[in-house]
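Asker: A single structure is presented below for examination.
Given below as structure tokens:
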């Protein structure tokens, strides 16, 4: 009951015509920011923080605007993934796998609506989860030490084999490439720089946004140049926009399952939305009756990562609000905003500043509903992008990529690096090596290594420490299962194929 | 086409707008969310609120090399920019002292001042066996491997140095044996300590205030000269017999190539912020202790600090 009175308090704070207007503006801006390659939720929110001060917004209004932008960007990231095969931000990476093939089959509008609904389900349920479970879930962070985190990241890598490419070895090569790139920069455990060649720009390692934009957007441009625009992957067919009720109904359980997985990944500090969408996709593929259709435009392959990453966005707020530990890059920015407003998140925030917490939760719910309503009609506008001739679209994408990446650190070095990744992406695609595992390697490799190194420091180098708790053991079993299972499953699946051949 | 064009135009326009509509720029040499980001945003906001500057100060996040990227950018590319301030803290001087900024030295910029300090703390979980700093130190002396510290900075960073300074003062010389893991920020260090993965946490006061209120942790010592107002029941390390003062000051530096008038203007603005009620409130809310050193004497303080940390880092083998 107390929850409802609290929620009522939240809505009384958040539901005024002015804040509603802010929510709508925030959602719209966020969607665009999310859709632009290179501009993700975290820099979107960071860029807009000064505006809240210029406008002289109070704490609640500022929070409503920023969370709307945050959720809007989480929704928006899928748009360029589906339409252009270029992820708008890192959590939208997995959506390219099935979203873009769907668009190529003329089902772009279906994919956009379905992913919009999945995003809504994921984010909405995660917000409910945040309301009910936040104080309880805060304790989960205490259960995860270096050994457990290492096993968790290992689980993610072990399931890589079955994804993206039909060739497991190529996926593995790509993942190792990513892991190698992740080693660049300051080594946290010794404080020594590695592979930086004295270059200050490389001290913090390679930003995965630079890698994503390079490997996807810039590589696309190279392909376009090579084929003189004739044989480009862009220019998918366009059909009428209808709401694909059947598809949504069929994906219902997928969304629910992915929401749980995503939410859990979000709750763990340091795991975040990318891991959430990745695990949701892999889990969906693992339980599917028709895993061979994934990566070729299966609607469930769109629903799973979108529900997963939006649920993770909600989940990431749990450690941020209750512990002050940001679970993702964007929550780190929101944390900064809260601290600028002189609100220090931590275990006592729920008791000390209920109007802020519940106002935030209410604004999340509002942002979600606004986004759902806004996104379905907006799909019609978005699919017009497909009618733009590639020779206009690609230079546009290139320009936005350059602006987006430059805004990250304001250095030209990142631009050179991005072009370098573009060249790498071009050759990888020529060799039919998937690029998604490269990104995951860069994204998760550092954290995985840090976890391992911390575990080794704590245990004096005793490897048994890695299997010392029930949680770690459970994750190890899942990881080994996830690695071995596809090998056997493939044999089972191949047999009927052999007969039909 | 329209959409892409419009958004592209929007992105360019809005970026352009930001650079013209703001009088001055504050570079936070880290990603949003950390202490430098807080310094820029808070000081920038208050400067505008109290009308020390005419228009809002734009905050740019230039993450890289633990602040080294921003430092070298300022030194090499913006050495005469009069409308530029950069957030700094003890981490800046620590890294300058350890030559972690690619050969840059502390005299290549002008340190304007510090207007607040985050006191260093050593904390343990509420159910820990340690109730005083000397118990913790004795346990490490008896068996260096029995206590692991978690902190928000990398190995060799300021959080790492704090327990080492205490142990050094306590006569423990084998400091390389002390276990330390660097995690992603102070709050993360606390969760690892409460979770029992590490035995103690080394960090700043601001990072632990929430956990202190909720009763999840116990602070063994605060590393200041005197007890902190509002936290009067927490003993200092000094009164427990370990003469260590380590505070993480929050301040600004500006490029070297500006005139003395510009330096004085910024020092004056910073002093105004320090004296404002808004800043006093912000300090209370964020667990900062008053620590105002603005203008000429701050530069000499910084020089002294750099020399001290350099010596210490040599002692513990972080640098040659």
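Chains as they are written, first to last, in our numbering: chain A, 1 to 501; chain B, 1001 to 1320.
Here a beta-carbon is modelled for each residue, glycine too, at the ideal position from N, C-alpha and C.
1) At a CB distance below 9 Å, what residues from the region 333-360 of chain A approach chain B? Give them in sequence order.
2) Reducing DSSP to helix, strand and coil, say where residue 1180 of chain B ends up.
3) For residue 1320 of chain B, count neighbouring C-beta atoms within 10 Å of its own C-beta (all shown protein chains included) and say buried if the count is 16 or more, exposed if not.
4) Are the CB atoms of residue 1114 of chain B and residue 1293 of chain B nearer to each other than 8 Å?
5) Could you name the residues of the same chain whose beta carbon sits closer than 6 Å to that of residue 33 of chain A, not counting the 5 residues immediately before and after it, in chain order?
6) Could you name the residues of the region 121-144 of chain A whose beta carbon sits closer than 8 Å to any beta carbon of chain B, in the order they occur along the chain?
7) If we require 4 or more residues per run, which alpha helix (DSSP H) segments fall completely within the region 1031-1095 of chain B?
8) Using a 10 Å radius around the Cβ and a threshold of 16 neighbouring Cβ atoms, would you call residue 305 of chain A buried or exposed?
9) Alpha carbon to alpha carbon, how far is residue 1171 of chain B from residue 1241 of chain B? Give it in angstroms, no decimals.
10) Helix, strand or coil: how does DSSP classify residue 1293 of chain B here?
11) For residue 1167 of chain B, count neighbouring C-beta atoms within 10 Å of its own C-beta (all shown protein chains included) and say buried if the count is 16 or more, exposed if not.
12) In angstroms with no decimal places, state the Cα-to-Cα distance between residue 118 of chain A and residue 69 of chain A.
13) Quick one: which chain B residues come within Cβ less than 7 Å of residue 194 of chain A?
14) What whole-angstrom Cβ distance do residue 263 of chain A and residue 180 of chain A have, given they're in contact under 8 Å?
15) Can you tell me the Cα-Cα spacing of residue 1021 of chain B and residue 424 of chain A, whole angstroms?
16) Output, in sequence order along the chain, the residues in the region 438-466 of chain A whose CB is closer than 7 Å to any CB in chain B.
17) Is residue 1279 of chain B buried or exposed, if buried means 16 or more other CB atoms sit within 10 Å of its CB?
18) So which residues on chain A does residue 1072 of chain B lean against when the C-beta distance must stay under 8 Å?
19) Go through its chain and collect everything with a Cβ distance to residue 101 of chain A's Cβ below 8 Å, but skip five positions before and after it.
20) Which residue marks the beginning of the beta strand (DSSP E) containing residue 423 of chain A, and which one marks its end?
21) By the DSSP assignment, the beta strand (DSSP E) with residue 1117 of chain B in it spans what residues?
22) Just how far apart, CA to CA, sit residue 1312 of chain B and residue 1165 of chain B?
23) Quick one: list the residues of chain B neighbouring residue 66 of chain A, beta-carbon separation under 8 Å, in chain order.
24) Do residue 1072 of chain B and residue 1035 of chain B have their C-beta atoms within less than 8 Å of each other?
25) Is it buried or exposed, residue 194 of chain A, if we count other Cβ atoms within 10 angstroms and call 16 or more buried?
26) Please report how far the alpha carbon of residue 189 of chain A lies from the alpha carbon of residue 1100 of chain B, in whole angstroms.
27) Quick check on the DSSP output: what are the complete alpha helix (DSSP H) runs of length 4 or more inside the region 93-177 of chain A, in order along the chain?
28) I want to verify the contact list: residues of chain A whose CB lies under 8 Å from the CB of residue 1083 of chain B, in sequence order.
29) Distance check for residue 439 of chain A and residue 457 of chain A, CA to CA, integer angstroms please.
30) Give me the subset of the region 1104-1121 of chain B whose CB atoms are less than 7 Å from a CB atom of chain A, sorted by chain position.
31) From this set, A:367, A:370, A:318, A:368, which residue's C-alpha is nearest residue 345 of chain A's C-alpha?
32) Which two residues bound the contiguous alpha helix (DSSP H) that contains residue 374 of chain A?
33) Only counting the same chain, and skipping five residues up and downstream in sequence, which positions put a Cβ closer than 6 Å to that of residue 1246 of chain B?
34) Determine whether the Cβ of residue 1155 of chain B lies closer than 8 Å to any Cβ atom of chain A.
35) What three-state label does DSSP hand residue 255 of chain A in the structure shown?
Answerer: With the given structure in hand:
1) 333, 334, 335, 336, 337, 339, 340, 342, 343, 344, 345, 346, 347, 348, 349, 351, 352
2) Mapped onto the second chain, residue 1180 of chain B falls at position 180. Strand.
3) The residue given as residue 1320 of chain B occupies position 320 in the second chain. Result: exposed.
4) The residue given as residue 1114 of chain B occupies position 114 in the second chain. The residue given as residue 1293 of chain B occupies position 293 in the second chain. Yes, they are a contact pair.
5) For this step, residue 33 of chain A is matched to residue 33 along the first chain. Result list for residue 33 of chain A: 39, 44, 73, in chain order.
6) 141, 142, 143, 144
7) 1035-1049, 1068-1077
8) Working through the first chain from its first residue, we reach residue 305 of chain A at position 305. The residue is buried, with at least 16 neighbouring Cβ atoms inside 10 Å.
9) Counting from one through the second chain, the residue named residue 1241 of chain B turns up at place 241. Counting from one through the second chain, the residue named residue 1171 of chain B turns up at place 171. Roughly 12 Å between the two C-alpha positions.
10) In the second chain, residue 1293 of chain B corresponds to position 293, counting from 1. Of the three classes helix, strand and coil, the one that applies to residue 1293 of chain B here is strand, per DSSP.
11) By 1-based counting over the second chain, the position of residue 1167 of chain B is 167. Buried: at least 16 other Cβ atoms inside 10 Å.
12) The residue you call residue 118 of chain A lines up with position 118 of the first chain. The residue you call residue 69 of chain A lines up with position 69 of the first chain. Going from the Cα of residue 118 of chain A to the Cα of residue 69 of chain A covers about 18 Å.
13) Along the first chain, one-based indexing puts residue 194 of chain A at 194. Chain B residues near residue 194 of chain A: none, gap ~13 Å exceeds 7 Å.
14) Translated into the one-based positions of the first chain, residue 263 of chain A becomes position 263. Translated into the one-based positions of the first chain, residue 180 of chain A becomes position 180. About 32 Å; that fails the 8 Å criterion.
15) Against the second chain, residue 1021 of chain B aligns to sequence position 21. Against the first chain, residue 424 of chain A aligns to sequence position 424. Any reading at residue 1021 of chain B needs caution, since the residue's pLDDT is 45, under 50, leaving its predicted position unreliable; the model's value is listed next. Those two C-alpha atoms are separated by around 39 Å.
16) 454, 457, 458, 460
17) In the second chain, the residue the question calls residue 1279 of chain B occupies position 279. By the 10 Å Cβ count, residue 1279 of chain B comes out buried.
18) Sequence index remark: in the second chain, residue 1072 of chain B carries index 72 (1-based). Here the neighbours are 200.
19) Translated into positions along the first chain, residue 101 of chain A becomes position 101. For residue 101 of chain A, where only same-chain residues beyond five positions count, the Cβ hits under 8 Å are 295, 296, 297.
20) For the purposes of this step, residue 423 of chain A is taken as the residue at position 423 of the first chain. Where residue 423 of chain A is concerned, there is no enclosing beta strand (DSSP E), although the alpha helix (DSSP H) it sits in stretches over 412-430.
21) What you label residue 1117 of chain B is simply residue 117 of the second chain in a count that begins at 1. Element bounds for residue 1117 of chain B: 1109-1125.
22) Your numbering for residue 1312 of chain B matches position 312 in the second chain. Your numbering for residue 1165 of chain B matches position 165 in the second chain. Rounded to the nearest angstrom, the two C-alpha atoms are 8 Å apart.
23) Translated into the one-based positions of the first chain, residue 66 of chain A becomes position 66. Result: empty, since nearest Cβ-Cβ is about 11 Å, beyond 8 Å.
24) In the second chain, residue 1072 of chain B corresponds to position 72, counting from 1. In the second chain, residue 1035 of chain B corresponds to position 35, counting from 1. In this structure, residue 1035 of chain B does not lie closer than 8 Å to residue 1072 of chain B by Cβ.
25) As a position in the first chain, residue 194 of chain A is number 194, starting the count at 1. Counting Cβ neighbours within 10 Å, residue 194 of chain A comes out exposed, since fewer than 16 surround it.
26) Position 189 of the first chain, counting from 1, holds the residue named residue 189 of chain A. Position 100 of the second chain, counting from 1, holds the residue named residue 1100 of chain B. In a straight line, the C-alpha of residue 189 of chain A is about 15 Å away from that of residue 1100 of chain B.
27) 95-102, 108-137, 140-143, 146-158
28) Within the second chain, residue 1083 of chain B is the residue found at index 83, counting from 1. Those do not exist, as residue 1083 of chain B stays about 15 Å from chain A at its closest Cβ, beyond 8 Å.
29) If you number the first chain from 1, residue 457 of chain A lands on position 457. If you number the first chain from 1, residue 439 of chain A lands on position 439. Using only the alpha carbons, I get a separation of about 28 Å.
30) none
31) Sequence index remark: in the first chain, residue 345 of chain A carries index 345 (1-based). If we check each option's Cα against that of residue 345 of chain A, A:318 comes out closest.
32) For the purposes of this step, residue 374 of chain A is taken as residue 374 along the first chain, with counting starting at 1. It spans 354-382 - the alpha helix (DSSP H) in which residue 374 of chain A sits, taken as one unbroken run.
33) As a working note, residue 1246 of chain B is residue 246 in the second chain. Closer than 6 Å at Cβ, skipping near neighbours: 1120, 1162, 1223.
34) Numbered from its first residue, the second chain carries residue 1155 of chain B at position 155. It does; some Cβ of chain A falls within 8 Å.
35) Here residue 255 of chain A refers to the residue found at position 255 of the first chain. The answer is helix: DSSP assigns residue 255 of chain A an H, G or I state.
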